[in-house]
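For the sequence shown, the tail end lands on 2488 under the working numbering, and the numbers increase by one without skipping.
Glycine included, every Cβ here is placed at the ideal spot set by N, Cα and C.
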Amino acid sequence: MKIIKPYGRSQVDNKIRKIQQTPDSLLLNIPEFSQEHDQLVIGQWISIIDKIATKPNSSRASATKEQHDLRSSIGEACWQLIVQNKHISLPVEEKLIPIWQAKITPYRTDKFEQKYRNAKGRWYKRLVGDIKPHDINPAVIAKKIEQHLYENEFRLNEGSADKRKGLIEARALSIERNVLKPAQEEGRQWSDKDWDVYFKQYDIAQKIFQKCQNLESSNAKKNHRVLLNTAASCLYDHYASLFIAEDGTILKIGQVKDQYAGLFALHMEVKDCYRRQLKDSKRHTPLKNMPKDKGALKALLTHKSENRNTNDLIRLGRIIHYEYLHNGNWPDKTQIANSSYWTSAGQSKIKRNEAFIRVWRHVLALAARTLKDWADPEGTIISDDILGGNSISRVTGKKTFTQERFNRKLPLLFGEYADVLSALPNERKKGFLRHGLQTTAKLRNNSFHFKDLKIFSETLENIETNNDADSLWQTDCAKREARLLATLEAVKAQDYYSPEQIKELYDLLKGEIGSLPLPRFKRLLTRAENAKTKIALPSARTREEMKAHPSLLCQFISLKMVYEGPFRLWLEGDERDVRSYMVRAIERTTQAAKSINSKDPHKDLIEAKAARLLEGMADQPDIKSFFFSLSAATAKEMQVQKGYDPDPDNARQQSKFIEDLKCDVLALAFEDYVKEKRLDYIVNLTGQTVPLDTPSAFPVVQAAASAAPVTWEGSLYLVLHFVPVDEVSKLLHQLRKWEILAEKGKDQAADAGLVRKLQQPLVLYLSMHDAGFQGPTELEKDPSFIGFQSLFERQEDFKTLYATISGDQQVLPVRGLREIMRFGHLPLLRKICGTVAVTGKHVEEKTQLETSLPEMQDQREKAHALYVKAGRNLKEEDLRNYARALRPVVRHRVLTAHVHLTNHVRLHRLLMAVLGRLLDYSGLWERDLYFKMLASLYDKGKKVEDALDEGGLDLLRKGQIVAALRQQTSATLLEKPEKDLTDIRNDFAHFNMLQAEHLDDLDLNEQINRARRLMAYDRKLKNAVSKSIKELLYREGVELSWQMKDHDLVDPVITPKQAQHLQKARVSEKICENLHGREYLEMIANLFSDSRVEGVKDITDWCDQDIDHLCFSKKGKNFSRNGQKRTKNKYSNRKNQHRNKRL
1346 MKIIKPYGRS
1356 QVDNKIRKIQ
1366 QTPDSLLLNI
1376 PEFSQEHDQL
1386 VIGQWISIID
1396 KIATKPNSSR
1406 ASATKEQHDL
1416 RSSIGEACWQ
1426 LIVQNKHISL
1436 PVEEKLIPIW
1446 QAKITPYRTD
1456 KFEQKYRNAK
1466 GRWYKRLVGD
1476 IKPHDINPAV
1486 IAKKIEQHLY
1496 ENEFRLNEGS
1506 ADKRKGLIEA
1516 RALSIERNVL
1526 KPAQEEGRQW
1536 SDKDWDVYFK
1546 QYDIAQKIFQ
1556 KCQNLESSNA
1566 KKNHRVLLNT
1576 AASCLYDHYA
1586 SLFIAEDGTI
1596 LKIGQVKDQY
1606 AGLFALHMEV
1616 KDCYRRQLKD
1626 SKRHTPLKNM
1636 PKDKGALKAL
1646 LTHKSENRNT
1656 NDLIRLGRII
1666 HYEYLHNGNW
1676 PDKTQIANSS
1686 YWTSAGQSKI
1696 KRNEAFIRVW
1706 RHVLALAART
1716 LKDWADPEGT
1726 IISDDILGGN
1736 SISRVTGKKT
1746 FTQERFNRKL
1756 PLLFGEYADV
1766 LSALPNERKK
1776 GFLRHGLQTT
1786 AKLRNNSFHF
1796 KDLKIFSETL
1806 ENIETNNDAD
1816 SLWQTDCAKR
1826 EARLLATLEA
1836 VKAQDYYSPE
1846 QIKELYDLLK
1856 GEIGSLPLPR
1866 FKRLLTRAEN
1876 AKTKIALPSA
1886 RTREEMKAHP
1896 SLLCQFISLK
1906 MVYEGPFRLW
1916 LEGDERDVRS
1926 YMVRAIERTT
1936 QAAKSINSKD
1946 PHKDLIEAKA
1956 ARLLEGMADQ
1966 PDIKSFFFSL
1976 SAATAKEMQV
1986 QKGYDPDPDN
1996 ARQQSKFIED
2006 LKCDVLALAF
2016 EDYVKEKRLD
2026 YIVNLTGQTV
2036 PLDTPSAFPV
2046 VQAAASAAPV
2056 TWEGSLYLVL
2066 HFVPVDEVSK
2076 LLHQLRKWEI
2086 LAEKGKDQAA
2096 DAGLVRKLQQ
2106 PLVLYLSMHD
2116 AGFQGPTELE
2126 KDPSFIGFQS
2136 LFERQEDFKT
2146 LYATISGDQQ
2156 VLPVRGLREI
2166 MRFGHLPLLR
2176 KICGTVAVTG
2186 KHVEEKTQLE
2196 TSLPEMQDQR
2206 EKAHALYVKA
2216 GRNLKEEDLR
2226 NYARALRPVV
2236 RHRVLTAHVH
2246 LTNHVRLHRL
2256 LMAVLGRLLD
2266 YSGLWERDLY
2276 FKMLASLYDK
2286 GKKVEDALDE
2296 GGLDLLRKGQ
2306 IVAALRQQTS
2316 ATLLEKPEKD
2326 LTDIRNDFAH
2336 FNMLQAEHLD
2346 DLDLNEQINR
2356 ARRLMAYDRK
2366 LKNAVSKSIK
2376 ELLYREGVEL
2386 SWQMKDHDLV
2396 DPVITPKQAQ
2406 HLQKARVSEK
2416 ICENLHGREY
2426 LEMIANLFSD
2436 SRVEGVKDIT
2446 DWCDQDIDHL
2456 CFSKKGKNFS
2466 RNGQKRTKNK
2476 YSNRKNQHRN
2486 KRL
């Protein structure tokens, strides 16, 4: 079958799109499908009901009693008729009822709106007549709706004759007719001469713009929506002035097509342009986005055409690439036409391969950056890519390689194993460094340059081994079991478990680890506690609780190790039927939806969909099918928009509901696992558990006679040491999710097996990483660590904090500081944060607040508990007490983040995340350049061998696309990319802006504008650059905005996101706190040139007088929501008179 819908396939030849004929065998019978697809049938019925009976605009709003009764009665009658006449599949009738009900009443049903709202929709009179809503006959209306949908479509005007077909069939036939069967040419079918004739009488674009401008300026309501009819009337008159017969009559369209084909094609293209600009929607189109004259209109038409042609080339080039990659021979037209990659399964495989490439690209770029700082920290040997050309041989040469430089970063990269590496002979040290560079370079070429998973795996297997790298892998494999016992000893398991229990737990943990992408253990416990599920698992504990009660820490860590280790493998067992857990979780969720969540119709609908989705898994009730189904459901629910813009907050909230369902199922399964393995001695631990009189002895770990066999795992394990541990954790999670999706494919079992093998070095690295870094040893060995004290105004403040590293009261984020030093970015951090130092005033204020902080925390929690219990009956004094307690707590949080260098670590990760996103765009540019190259050669009847010499073909096989294009044998076949664009690509791909010589010029605003110039070949991708950076910062609690000047982003503004407290309380002023302090925002502003920070007032800005005046807002029609008295004006009087007249 074709991809989603049989729209045909596009090819480009000299900027003329040729739509290939879609074979009849591949066409879908749309009319038949539209009447058999249950969800589509329900959607059609609901659409008509919405036009008869109105509903609130928001799901949070309430309907009036009249609205609710009208919709409920019609909905019930329609459902009975649907079932009676078998318009849906009867075996699944019960599964569709929750969806039907959620669409009939998509609003709160616990109370009704008292204000008057018209319950009649625009089709009410046509299908119901003049009958009042409470006097209707729902069965008659349902019959009319059925006739409208299936027999004869009614017209809105009652005097007009009905149509010959039902609405569903008519729409289906319209869709079917839009499948282009005969080959035809599209694109620019008009000439410059047609353009001159079209604008000979007057500038139609200027006329439309002036009319829209006059309409908006003359309207009293600003930003009035200019609709399509504004431009349509002008174009209608223009058509009449262009196409006139000799007798003065206007030519018909058929005559115009014959006599003025080019001119008519231009007119239709202009019409389509304005239709897209002025769609009849709620989105406002500013005048600045509309073409002001014919020059701007021509540029807009040209850009749209070029974007369309470019995308057609890319689609074709992608198919050619995968056919050429796997078959080894240049594909002919028959192979391309019959390629399996046109199908849904083929497209899914392509998407999985590109996703695999994307998740590795960022990781390997970070590894290259670490290697650059290790091999050439001063930048005196290599000025550009450390992995390109002869760079590797230069940094490992006799004159450039030094033991001092090699030993400098060993403690930061390898922890305790650094002593082993520093004792190696000079040649082995050089070989170890060379092996790390060569392995990273080969993997990067196969991730940057669009090789699939199979070739990526072959590259790993063909990498030459290095004995010292293999020894690192074998040593950590042998230490893993000892690490398990060390972890149990660190949480004092010997004080709470008997020797037999410790031996039993150890034997359980040292087994094989599964690969399921499970939710975090603490999230699982939190969900179980919040959902009030009666399961035998402990509550989620805070860090302070576990610190005060060692038994709770022992319990949490022990269960977490079991959950992340043997429990995964237990779930993956072939005999494990998780369907019973699904049913129990769905039943509990359904009951909660009827009671606790009755005010949230969106949640009911989503959970009903998820429940219905899971019930269809009778044939495959295994855990991986469950995870795959939830992944698909989550992806669908993430497609949430607000108008034409995405709504990420609502999307995350909706996907959270599905993740909650996953946690419910896994909590039930984990409860059974704990019972089966008899681990109740862990679950039964409490804060009052007394330690044993005599600590238990740990079992003796036998040294492994032979460590794990080494193929390519040792080389990959070495590369992972050059990557921050948090990035490795993200990569492992993505690979686990990727494996779940890959296994569902019919021919993807081999790919899933390769991915599972790739996970083993990642799991070991995450298990053993922190074991190699005990205390501040690796920081003390690096003399540059003392450079962090330059971030403090007073050196003694830094020394006081540094002294806590080796004790139990550690406050500095050691792992984050280690990552900054790993990349050699301490000079960069000092430059960015130099103007925002940690002052003595910050430290003193933080210390002063800590004296009363426990009391304030306790007061805030008590006030919040009173609010939860009393609700609207909360006293105003308790409200003020909450605000008084919250103010120092928030201020202390802000100061702690700055003084403890948490802000600095967070800033560095944000910087690397932004540069990583720009790196992704450079990969997109190179991918599209490559695909366009293949498609251009294919359209010209040429092969790659005809355009590139042997050197170019060798570069192409290695994945070096840009370098290969420089080896062309004919300048007429392919266009070389502009040097400015290749420079931008190289800077992003290799993080050249972070080189020592460029640190003073680092400007994220300039880099984002460069990325926009790189993606300018596609208007949507160009706009996506800035949009994705804004979303990235938004997820970090920061809002970013720009002004536009000559297609560049200028004057960035940084503002903090806010969290609102006591959201349901009607208070005179909202109690909000900024997620970040002013100091952190100023550090972010230093990353962007000419930026400014716009502070938002929060609780820390309130004075005592502000808190004393805090109160609940007054209620009643004469008061607004914030308690202010309403002022009666002429407009409100007229509105009331109009409402009374209607009543």
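Leaving out five residues on either side along the sequence, give the residues of the same chain with a beta carbon under 8 Å from the beta carbon of residue i.
i: residue 1494; result: 1389, 1390, 1393, 1511, 1512 and 1513
i: residue 2108; result: 1858 and 2077
To the nearest angstrom, how far is it from the Cα of residue i to the Cα of residue j?
i: residue 2443; j: residue 2201; result: 18 Å
i: residue 2245; j: residue 2441; result: 24 Å
i: residue 1517; j: residue 2235; result: 58 Å
i: residue 2447; j: residue 2413; result: 14 Å
i: residue 1735; j: residue 2370; result: 33 Å
i: residue 1988; j: residue 1572; result: In this predicted model, residue 1988 has a pLDDT of only 43, less than 50, meaning its place in the structure is not dependable; the value taken from the coordinates is given anyway. Going by the C-alpha atoms only, they are around 16 Å apart.
i: residue 1548; j: residue 1588; result: 16 Å
i: residue 2290; j: residue 2158; result: 55 Å
i: residue 2123; j: residue 2145; result: For residue 2123, the pLDDT reaches just 49, beneath the cut-off of 50, and the residue's location in the model is therefore unreliable, although a value from the coordinates is still provided. Spanning the two alpha carbons is a distance of roughly 19 Å.
i: residue 1430; j: residue 1487; result: 12 Å
i: residue 1412; j: residue 1460; result: 12 Å
i: residue 1619; j: residue 1575; result: 10 Å
i: residue 1653; j: residue 1470; result: 44 Å
i: residue 2251; j: residue 2401; result: 15 Å
i: residue 1683; j: residue 2419; result: 57 Å
Ordered along the chain, which non-local residues of its own chain (more than five positions away) have a Cβ less than 7 Å from that of residue i?
i: residue 2314; result: 2292, 2293 and 2294
i: residue 1726; result: 1739, 1740 and 1745
i: residue 2140; result: 2134
i: residue 1370; result: With a pLDDT of 46 at residue 1370, under the threshold of 50, the predicted position of this residue should be treated as unreliable, though the coordinate-derived value follows. There are no such residues.
i: residue 2066; result: 1758 and 1759
i: residue 1667; result: 1686 and 1695
For residue i, does the three-state DSSP call read helix, strand or coil?
i: residue 1880; result: coil
i: residue 1635; result: coil
i: residue 2022; result: coil
i: residue 2002; result: helix
i: residue 1768; result: coil
i: residue 2075; result: helix
i: residue 2235; result: helix
i: residue 1751; result: helix
i: residue 2039; result: coil
i: residue 1408; result: strand
Return yes when the Cβ of residue j is within less than 8 Å of the Cβ of residue i, no when it is not.
i: residue 2407; j: residue 2212; result: yes
i: residue 1610; j: residue 1535; result: yes
i: residue 1782; j: residue 1861; result: no
i: residue 1929; j: residue 1858; result: no
i: residue 1890; j: residue 1897; result: yes
i: residue 2395; j: residue 2439; result: no
Suppose the cutoff is 6 Å on Cβ atoms and the five residues either side in sequence are ignored; what does the same chain contact list for residue i look like?
i: residue 1871; result: 1885
i: residue 1774; result: 1751
i: residue 2456; result: 2221 and 2413
i: residue 1805; result: 2057
ask   = Which residue spans inside the region 2286-2338 form an unbroken alpha helix (DSSP H) run of at least 4?
value = Fully enclosed alpha helix (DSSP H) runs of 4 or longer: 2289-2292, 2295-2302, 2306-2310 and 2324-2335.
message = Runs of 3 residues minimum, wholly inside the region 2376-2449: which ones carry the beta strand (DSSP E) assignment?
response = Runs of the beta strand (DSSP E) inside the region 2376-2449: 2383-2390, 2393-2401, 2403-2406 and 2416-2419.
message = Could you tell me which whole alpha helix (DSSP H) segments of length 4 or greater appear in the region 1414-1472?
response = Taking only runs of at least 4 residues, the alpha helix (DSSP H) segments lying wholly in the region 1414-1472 are 1438-1449 and 1469-1472.
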